[in-house]
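So the sequence lines, in the order shown, correspond to chains A and B. Read in order, the letters of the first sequence correspond to residues 0 to 253 in numbering that gives the first Met the number 0. Read in order, the letters of the second sequence correspond to residues 0 to 417 in numbering that gives the first Met the number 0. Where is the CB? At the ideal position from N, CA and C, for every residue including glycine. First up is the structure itself, then whatever we jot down about it.
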Amino acid sequence: MIYLFDGSLTGLLTAVFEWFERKPGHTQLQLTEIFQPDAFTESFEVITNEEKADRVWKGLQKKLKKDWQRTFYCSYLSEIPEAYNHLFQFAIYIFKSEIGAAANYGNDHVIALSKYAKSVEREKHRMEAFIRFQKTGDGLFYTSIDPEFNVLPLISNHFKNRYADQQWIIYDLKRKYGLYYDLNAVEEVTIDFSDGAKSSNPSPALMDEKEELYAILWKDYFKSANIVARKNTKLHLQHVPKRYWKYLTEKQLA
Amino acid sequence: MSDRIREKLNILADAAKYDVSCSSSGGTRKNDNKGIGDSHTSGICHTYTEDGRCVSLLKILLTNHCIYDCLFCVSRKSNDIKRAAFTVDEVVDLTMNFYRRNYIEGLFLSSGIFKNADFTMERLLLVCKKLRLEQRYNGYIHLKTIPGASDELIKEAGLYADRMSINLEMPTEAGLKLLAPEKSHADVIKPLGFVQQNIVQFAEDKKLIKHVPKFVPAGQSTQMVIGATPESDKDIMYTANAFYKNFSLKRVYYSGYVPISNDSRMPILGTQPPLLRENRLYQTDWLMRFYGFKVQEILNDANPNLDVDIDPKLSWAIRNMQHFPVDINKADYKMILRIPGIGVMSAKKIVQARKFGRLRIDQLKKIGVAYNRAKHFITCADSPYQIKDYQGTQIKAFIMADSQSKYLKTDNNQLILF
Chain A
0 MIYLFDGSLT
10 GLLTAVFEWF
20 ERKPGHTQLQ
30 LTEIFQPDAF
40 TESFEVITNE
50 EKADRVWKGL
60 QKKLKKDWQR
70 TFYCSYLSEI
80 PEAYNHLFQF
90 AIYIFKSEIG
100 AAANYGNDHV
110 IALSKYAKSV
120 EREKHRMEAF
130 IRFQKTGDGL
140 FYTSIDPEFN
150 VLPLISNHFK
160 NRYADQQWII
170 YDLKRKYGLY
180 YDLNAVEEVT
190 IDFSDGAKSS
200 NPSPALMDEK
210 EELYAILWKD
220 YFKSANIVAR
230 KNTKLHLQHV
240 PKRYWKYLTE
250 KQLA
Chain B
0 MSDRIREKLN
10 ILADAAKYDV
20 SCSSSGGTRK
30 NDNKGIGDSH
40 TSGICHTYTE
50 DGRCVSLLKI
60 LLTNHCIYDC
70 LFCVSRKSND
80 IKRAAFTVDE
90 VVDLTMNFYR
100 RNYIEGLFLS
110 SGIFKNADFT
120 MERLLLVCKK
130 LRLEQRYNGY
140 IHLKTIPGAS
150 DELIKEAGLY
160 ADRMSINLEM
170 PTEAGLKLLA
180 PEKSHADVIK
190 PLGFVQQNIV
200 QFAEDKKLIK
210 HVPKFVPAGQ
220 STQMVIGATP
230 ESDKDIMYTA
240 NAFYKNFSLK
250 RVYYSGYVPI
260 SNDSRMPILG
270 TQPPLLRENR
280 LYQTDWLMRF
290 YGFKVQEILN
300 DANPNLDVDI
310 DPKLSWAIRN
320 MQHFPVDINK
330 ADYKMILRIP
340 GIGVMSAKKI
350 VQARKFGRLR
360 IDQLKKIGVA
370 YNRAKHFITC
380 ADSPYQIKDY
390 QGTQIKAFIM
400 ADSQSKYLKT
410 DNNQLILF
């Protein structure tokens, strides 16, 4: 049996609800949009339903401690098709078992989720570390990113608490939405880049007059802090993989 | 104007880089005044220099003018280098602007000693106060305690800093006297002890009174230079152990000496820093702090130095084969932690997972155990039956045959002939 869903978290949780309604035996969960039907397996399209999803989530909250609720959510944010199926199987396993079943690291789905969550948390942490704001002429701090996983929901609070006294935007170019903090609250925004505005590096003309100076000072600092006698390129690359260099002011040529 | 500040930053960052601590962990400050900055408990490394070291803090000296002449220090009085000094406002401005752009987690402020200890400490304190009070800055501040500064100044600084540190510099008193005759370990012990007493006192008060200000919430640390003087690994780690115990230090840092002078009492210019040795010392430090090892188990009169070719945990295991093999499905957590190839995360997962059934090899691998290493020391549900009882030295040979040291290619302790 194959269950098909729309890729939303609500859809995924609804699928769990439908499974317990029908108990069709072993079932795979797949995304509708990439589903390839074959002649031998039956499929069933899950209709996303808020109420059903809500009941499932409440049930999971009773069965899972806070850290596992987060692991579940993080795995979902990985947006990896196989992760959706593991989440589905994991939820079924949890509902069928006694409280505490998430600690069974011998279970394939438990291990899979803890790995997905680890990757997502790492990407989240890297965004908290590698984001570089540029200050615009009107005092707004702007940055754009294209993270591997959908981590904006996870980093929102961190930046809100930290930069409470400055307006900022973090824009996810890959998923085409961003976070805007207006000194009170964070809201989701979309920006239309079609009128020739370059998304990744806003024109220097729009920048605060001191922006360039601080970028130069930071690059200087980065160079000065290096100890040449200890050069270790392998370690450097391990910590700052090349795909993140485009974010980093200190890695841009002068 | 901008050229001058660039030059200052280059000089004063360059002079500060031999202080290896860049940790920003343990901060508990919350942004509760709608100001700027909020600590991240585990710290954040915002970038890494090309030597692979983390950059978390803006690490600078207030000045590199210094009245002392310590041989191991680039800023020593007799060294012919460019000197510079930041104004208090310049440091505040740099910190704020770097922080606002998410370049850094905070400030690490140290200084050469100009005029005297109190004069220097006062300026450091002023930077902290301006940041906290005028800029409403809640980011991380790591402040050097200046040995010899008055108790009042040190105590006041502790109210604004997250972490304070003083470097032991050399692992033994004899080593220190050789290179810095004007200094002694006692100069370090006194202020370390003073700050420690205050940390304890504030914590006690906090139990009774609701609003007690924070006092050095991220604790104290220190640093030792390795390889400048001929101490054994045992000397170094016993000193570290004593300081962890006596002053509840959060960290002891080991800094491989990078030659900066041609004095005959130290390794000559061009000598490679002892990176592998430094790594082994950190591994030992971790075993002491997170794996329940006593320093005497790892280093003692029979083994005064750490093995270069294998890590200290493996080294301990092959010297103590009487404890192995360990049954993964029965042994207690403490013993599982001691198995080479199993770290803290895996050990925790094993202890949880085995409640659901006896663990097999494939499960251990998925949990994250380095099975090729661990297999010599464990039994689990489907371990192959072993007739032969291998000696520690044989196991070492097996492990070394199928693992490659990341240091082999860069290990310059080996003489390269061609």
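Exercise. Leaving out five residues before and five after B:Glu-155 in sequence, what residues of the same chain have Cβ atoms less than 8 Å from its Cβ?
Worked result: Leu-124
For this session: Please go through the segment 135–200 of chain A and give each complete alpha helix (DSSP H) segment of 4 or more residues, from N-terminal end onward.
Result: 151–161
Exercise. So, using beta-carbon positions, are B:Arg-135 and B:Gly-34 closer together than 8 Å?
Worked result: yes
For this session: Check distances from the C-beta atoms of the segment 89–101 of chain B to those of chain A and list, in chain order, the residues that come in under 8 Å.
Result: Leu-93, Asn-96, Phe-97, Arg-99, Arg-100, Asn-101
Exercise. Cβ of A:Thr-248 within 8 Å of Cβ of A:Arg-161?
Worked result: no
Exercise. Which value, in whole angstroms, describes the spacing of the CA atoms of B:Val-194 and B:Glu-133?
Worked result: 25 Å
Problem set entry | Uninterrupted beta strand (DSSP E) stretches inside the segment 286–368 of chain B (no shorter than 3 residues) | none
For this session: Output yes if chain A places a C-beta closer than 8 Å to the C-beta of B:Phe-323; else output no.
Result: no
Exercise. Would you say B:Ala-12 reaches chain A, if we count a Cβ-Cβ gap shorter than 8 Å as a contact?
Worked result: yes
Exercise. Mind checking whether A:Ile-226 and B:Asp-50 have CB atoms under 8 Å apart?
Worked result: yes
For this session: Determine the DSSP secondary structure at B:Ser-220, reduced to helix, strand or coil.
Result: strand
Problem set entry | Distance between A:Lys-173 and B:Val-73 (C-alpha atoms, nearest Å) | 47 Å
For this session: Can you give me, in chain order, the residues of the segment 218–234 of chain A that have a beta carbon less than 9 Å from any beta carbon in chain C?
Result: Among the protein chains of the structure shown, namely A and B, there is no chain C.
Problem set entry | B:Trp-285 versus B:Gly-340: straight-line alpha-carbon distance, rounded | 15 Å
Exercise. Is the segment 73–93 of chain B touching the segment 24–34 of chain B in the sense that three or more CB pairs, one from each, lie closer than 8 Å?
Worked result: no
Problem set entry | Other residues of its chain near B:Gly-42: CB distance less than 7 Å, five sequence neighbours each side excluded | Ser-22, Ser-23, Ser-24, Ser-55, Glu-104
Exercise. Which word fits A:His-25, buried or exposed, when buried means at least 16 other C-beta atoms lie within 10 angstroms of its C-beta?
Worked result: exposed
For this session: Could you say which of B:Val-350, B:Gln-321, B:Ser-109, B:Thr-392 lies nearest to B:Tyr-332 if we only look at CA atoms?
Result: B:Val-350
For this session: Step through the CB atoms of chain A and report whether any lies within less than 8 Å of the CB of B:His-45.
Result: yes
Problem set entry | Close-in-space but distant-in-sequence residues of the same chain around B:Pro-273 (CB under 8 Å, 5 per side omitted) | Ile-225, Gly-226, Gly-255, Tyr-256, Asn-412
Problem set entry | A:Gly-6 - DSSP class collapsed to helix/strand/coil | coil
Exercise. Would a check of beta-carbon distances place A:Gly-212 closer than 8 Å to chain B?
Worked result: One detail in the question is off: residue 212 of chain A reads as Leu in this sequence, not Gly. So, interface residue.
For this session: Could you tell me whether any Cβ in chain A is nearer than 8 Å to the Cβ of B:Leu-167?
Result: no
For this session: Report the option in B:His-45, B:Arg-28, B:Lys-189 whose CA atom is closest to the CA atom of B:Phe-97.
Result: B:His-45
For this session: Locate the alpha helix (DSSP H) running through B:Val-215, then write down its first and last residues.
Result: Neither: B:Val-215 is in no alpha helix (DSSP H) and is coded neither H nor E.
Problem set entry | Separation of A:Gln-68 from A:Ala-261, as counted between CA atoms | As displayed, chain A neither begins before 0 nor continues past 253, which places residue 261 of chain A out of reach and without an answer.
Exercise. Along the chain, where does the beta strand (DSSP E) that runs through B:Arg-28 open and close?
Worked result: Taken as a continuous stretch (DSSP letters only), B:Arg-28 belongs to no beta strand (DSSP E), as it is neither H nor E.
Problem set entry | For A:Trp-167 and A:Gly-6, the rounded distance between their alpha carbons | 29 Å
Exercise. Could one say the Cβ of A:Leu-86 lies closer than 8 Å to chain B's Cβ atoms, at least one of them?
Worked result: no
For this session: Starting from A:His-124, follow the beta strand (DSSP E) in both directions and report where the run begins and ends.
Result: Run containing A:His-124: none in the beta strand (DSSP E); it sits in the alpha helix (DSSP H), 107–129.
For this session: Spatial neighbours of B:Asp-388 within its chain, please: CB distance less than 8 Å, with the 5 preceding and 5 following residues excluded, ordered by chain position.
Result: none
Exercise. So A:Phe-89 is in the alpha helix (DSSP H); what residue range does that whole segment cover?
Worked result: 80–95
For this session: Tell me, please, whether the segment 178–188 of chain A touches the segment 59–71 of chain B by the rule of three or more beta-carbon pairs shorter than 8 Å.
Result: no
For this session: Would you identify the three-state DSSP class for B:Ala-84, choosing helix, strand or coil?
Result: strand
Problem set entry | Within-8 Å CB hit, B:Ser-1 to chain A | yes
Exercise. Hey, quick one: how far does the beta strand (DSSP E) through A:Gln-27 stretch, first residue to last?
Worked result: 27–30
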